[in-house]
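Data first, discussion second: the structure below is written as structure tokens.
Number of protein chains: 2
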Amino acid sequence: MNEMLNTLGKNARNAEVLVRNLSANEKNEVLLKVAEALTENADTLTAANALDVENGRKNNMPEALVDRLLLTGDRIQGMAEGLRQVAALEDPVGEVLGMKKRPNGLMIGQKRVPLGVIGIIYEARPNVTADAFALCFKTGNVVILKGGSDAIHSNEAIVKCIREVLQEQGITEDAIQLITDTSRETTAEFMKMNQYVDVLIPRGGRGLIKAVVENSTIPVIETGTGNCHTYVDETADLQMAADIIMNAKTQRVGVCNACESVLVHEKVKDEFLPVLARRLQEKRVEIRADEAACELIPGAVQATEEDWGREYLDYILSLKVVSSVEEAISHINQYNTGHSEAIITNNYEHAQKFLDQVDAAAVYVNASTRFTDGFEFGFGAEIGISTQKLHARGPMGLLALTTTKYIIYGNGQIRP
Amino acid sequence: MNEMLNTLGKNARNAEVLVRNLSANEKNEVLLKVAEALTENADTLTAANALDVENGRKNNMPEALVDRLLLTGDRIQGMAEGLRQVAALEDPVGEVLGMKKRPNGLMIGQKRVPLGVIGIIYEARPNVTADAFALCFKTGNVVILKGGSDAIHSNEAIVKCIREVLQEQGITEDAIQLITDTSRETTAEFMKMNQYVDVLIPRGGRGLIKAVVENSTIPVIETGTGNCHTYVDETADLQMAADIIMNAKTQRVGVCNACESVLVHEKVKDEFLPVLARRLQEKRVEIRADEAACELIPGAVQATEEDWGREYLDYILSLKVVSSVEEAISHINQYNTGHSEAIITNNYEHAQKFLDQVDAAAVYVNASTRFTDGFEFGFGAEIGISTQKLHARGPMGLLALTTTKYIIYGNGQIRP
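Chains S and L, in that order, give the protein sequences. Take -2 as the starting number for the first sequence in our numbering and just add one per residue. Take -2 as the starting number for the second sequence in our numbering and just add one per residue.
Shown next, in the form of structure tokens:
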């Protein structure tokens, strides 16, 4: 292994032992001091960021990406505020779950403990640097960050700031480490450091996540893309259905919990589709529909097979007429990405069937899929939304960054 | 992808939808009928097994492996009894955990659901075939089995028997499928079928598990090797310490929760080691000790650095003298495999420190590590013992074969 990565891994394991056993008070104090330090060093951070932005522009980075890269005074305040919010959350580490006494007198319980060393691979978004540190550190984990090369100066400045606070507080500065060599080879090696890293979390677009899932030998928590559906049942309150679809599609289009596809029961298509289409078209949403729907929607484009599987992240919606709740469920289970799905209905049996049979991280009756979010679910934080089934599914808060170990109190028991 | 695997994957996904929604009663009836069918077809099964055993002997399979491969009438009764036990367990699927009302009126809860399609890769142990089916089916999962080529006839006969029952009961027979092409290439492809398989569980020795972890792109639950330690503190009840070590080392040597290494506090070494050594040597346990311990144990072999990391699975024990509980903890955290670790002590602070700071799936005070087992922990079943930190850690019962999805009841909520 690359000497640099080897050293980094050893440092992380050494730090792990120290960070794992910090009290909530000690961890919160660090988070509050880091919030202060980021604000105090705002000029240094924006200066470092200016280099990244300048390089980005030089390399013709699209303006949307430049905007995500940019650090301003306000955004640095936002990062600091995020750290304070995490400090205010309850520390889940140390709780003992379900301790029971076995017939032989052994007391067996599950204690919530940190995962250990968490690797985070992300793109050119410097705010993720502080955010990922806050969530990992709050849960007693050590973090190794591998950010996008386009944000390298910004990330170095933020990490330096955090490490200085850690040192001042007498806590190992290796609680956070940044991989500054952003070459493909180093990233590939990083994803195979099972010896030093317990979990890898990719945060970013589809391509990044796919690359990590395919190449990592370290267990991955896959945060995911969302081809989210809303199904309008024959018994739906059509006003409610239109309001929910408008919200789920247009309130924010570039997010994973936005609605990408609408299914409508054939019995309500004549009444519903023209109304819905008018409202969507007012917001300049392009509609890609099947034949039955096209007939009712002037200006709709004929959908292709490929459209049913697309996550547009744009002002585009696919739309299909179905003849039953069963057909809706089966279409969704075929094309969805396991993220968020909704039914709009007043039929009890259809609601229960949809909740039971749709295979996704979050399944809604009569609400917008946009609620799939750690803050909206009441976790007070979010490290991402898992679309995999192992370990965590759906919005992940602090709990997703912990594991458990069994603790067993005995008085001399041996196995017969 | 290999055409056979592709078909198999599609069949599994089609079956998934049906199996996921079976009631506990329907599933239990299948398990009881399979138990009956295995007993009724005992002659067919032993005849198929005889071919495997004959081939094994022809290929000079070691007798210990032949014994694991062998099916007898009694062993078939044992398999059937295992199925009946699983039928008697409570079905965890469908439980809704922690439903809460959010300020906006949304009701959000977590529903326990099957994982989906589970792949199991194992060695030439035909009993795993029925056992893995029982646990997966009970939790509403579809299973694809890839057993060792040495047991192919046995596995085919068992799977045929199960599929016949499934068909008779009007349930898709693809709830269980066996990969009969046991070539390396097919196995390698199977481990990359993310599209069709949700989780892969290797069951077998270190080499098999390592190969799956390194080559699978499907999320893996790593079941593991155990380099388990017992630390005898200066305040230990030495009689209890010796009894526990004898149990953990010699009650069954070839298992992952057996004790492989003993650490003894220097203050009790003179009194304890000669007594312990005598008892171990009576049971013909070879002792590989550090210098301090060797001085007190006639016949002990000098341990090498390599010994501290070994899982012997044999009548061999490594032994080291330490000067504090901290040194014991640090030695264990350096060399253990994250399985099971025990301290024998009467000191409150040392017990708490050991429980807090030792990083393993199960940490004991004053008990034998041999209790790390799904049955001993009261789960009524065991699919393996996880030594990874994601999803499940320690003995895995039925719960480890489930995941959750969020179900959300609304009445028209949209996101502001």
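All C-beta atoms in this analysis are idealised placements derived from N, C-alpha and C, irrespective of residue type, glycine included.
Identify whether residue i lies in helix, strand or coil by the three-state DSSP scheme.
i: residue 86 of chain L; result: coil
i: residue 285 of chain S; result: strand
i: residue 91 of chain L; result: coil
i: residue 151 of chain S; result: helix
i: residue 271 of chain S; result: helix
i: residue 400 of chain L; result: strand
i: residue 36 of chain L; result: helix
i: residue 146 of chain L; result: helix
i: residue 327 of chain S; result: helix
i: residue 319 of chain L; result: strand
i: residue 13 of chain L; result: helix
i: residue 250 of chain L; result: coil
i: residue 388 of chain S; result: coil
i: residue 406 of chain S; result: strand
i: residue 339 of chain S; result: strand
i: residue 361 of chain L; result: strand
Using a Cβ-Cβ distance under 8 Å, would residue i count as near chain S?
i: residue 368 of chain L; result: yes
i: residue 54 of chain L; result: no
i: residue 321 of chain L; result: no
i: residue 97 of chain L; result: yes
i: residue 332 of chain L; result: no
i: residue 205 of chain L; result: no
i: residue 362 of chain L; result: yes
i: residue 82 of chain L; result: no
i: residue 265 of chain L; result: no
i: residue 374 of chain L; result: yes
i: residue 116 of chain L; result: no
i: residue 112 of chain L; result: yes
To the nearest angstrom, how far is the alpha carbon of residue i from that of residue j?
i: residue 217 of chain S; j: residue 216 of chain L; result: 8 Å
i: residue 281 of chain S; j: residue 57 of chain S; result: 28 Å
i: residue 6 of chain L; j: residue 385 of chain S; result: 18 Å
i: residue 275 of chain L; j: residue 360 of chain L; result: 27 Å
i: residue 362 of chain S; j: residue 337 of chain S; result: 11 Å
i: residue 49 of chain S; j: residue 72 of chain S; result: 16 Å
i: residue 8 of chain L; j: residue 138 of chain L; result: 13 Å
i: residue 185 of chain L; j: residue 401 of chain L; result: 29 Å
i: residue 80 of chain L; j: residue 135 of chain L; result: 10 Å
i: residue 111 of chain S; j: residue 118 of chain S; result: 19 Å
i: residue 403 of chain L; j: residue 391 of chain S; result: 7 Å
i: residue 334 of chain S; j: residue 315 of chain S; result: 15 Å
i: residue 264 of chain L; j: residue 325 of chain L; result: 14 Å
i: residue 299 of chain S; j: residue 196 of chain L; result: 37 Å
Considering only the alpha carbon of each residue, which of the options lies closest to residue i?
i: residue 489 of chain S; options: S:74, S:193, S:67; result: This structure leaves residue 489 of chain S out entirely; chain S is present only between -2 and 413.
i: residue 76 of chain L; options: L:109, L:231, L:22, L:123; result: L:123
i: residue 94 of chain S; options: S:14, S:373, S:405; result: S:405
i: residue 273 of chain S; options: S:263, S:240, S:73, S:385; result: S:240
i: residue 155 of chain L; options: L:200, L:126, L:208, L:383; result: L:126
i: residue 141 of chain L; options: L:47, L:293, L:177, L:365; result: L:177
i: residue 97 of chain L; options: L:105, L:90, L:200; result: L:105
i: residue 129 of chain S; options: S:159, S:15, S:146; result: S:159
i: residue 269 of chain L; options: L:247, L:259, L:235, L:301; result: L:235
i: residue 242 of chain L; options: S:200, S:-1, S:35, S:411; result: S:411
i: residue 267 of chain L; options: L:319, L:305, L:256, L:144; result: L:319
i: residue 46 of chain L; options: L:286, L:11, L:70; result: L:70
i: residue 174 of chain S; options: S:90, S:182, S:11; result: S:11
Does the CB of residue i have a neighbour CB from chain L at under 8 Å?
i: residue 195 of chain S; result: yes
i: residue 278 of chain S; result: no
i: residue 103 of chain S; result: yes
i: residue 260 of chain S; result: no
i: residue 281 of chain S; result: no
i: residue 365 of chain S; result: yes
Give a yes or no on whether the minimum CB-CB distance between residue i and chain A is below 8 Å.
i: residue 316 of chain S; result: Absent from the structure: chain A. Protein chains present are S and L.
- [ ] Please name the residues in the segment 207 to 241 of chain L whose beta-carbon is closer than 7 Å to at least one beta-carbon of chain S, in chain order.
- [x] Residues 210, 211, 214, 216, 237, 240, 241.
Open item on the list: To be precise: take each residue of the segment 336 to 360 of chain L, compare its Cβ to all Cβ atoms of chain S, and keep it if any distance is under 9 Å. Which residues remain?
Closed with: Cβ contacts with chain S: 337, 339, 341, 348, 352, 353, 354, 355, 356, 357, 358, 359, 360.
Open item on the list: So if I threshold CB-CB distances at 7 Å, which residues from the segment 174 to 191 of chain S count as touching chain L?
Closed with: The residues in question: there are none.
Task: Residues within the segment 379 to 401 of chain S neighbouring chain L, beta-carbon criterion of under 7 Å - done: Here the close residues are 385, 386, 387, 388, 390, 391, 400, 401.
Open item on the list: By the 8 Å beta-carbon criterion, what residues does the segment 130 to 162 of chain L contribute toward chain S?
Closed with: Against chain S - using a Cβ distance shorter than 8 Å - the segment 130 to 162 of chain L contributes no residues.
Open item on the list: Output needed in chain order: residues of the segment 401 to 412 of chain S with a Cβ under 8 Å from some Cβ in chain L.
Closed with: So the close ones are 401, 402, 403, 404, 405, 406, 407, 408, 409, 410, 411, 412.
Open item on the list: By the 9 Å beta-carbon criterion, what residues does the segment 14 to 28 of chain L contribute toward chain S?
Closed with: Taking 9 Å as the upper bound on Cβ-Cβ separation, chain S lies near residues 14, 17, 18 of the segment 14 to 28 of chain L.
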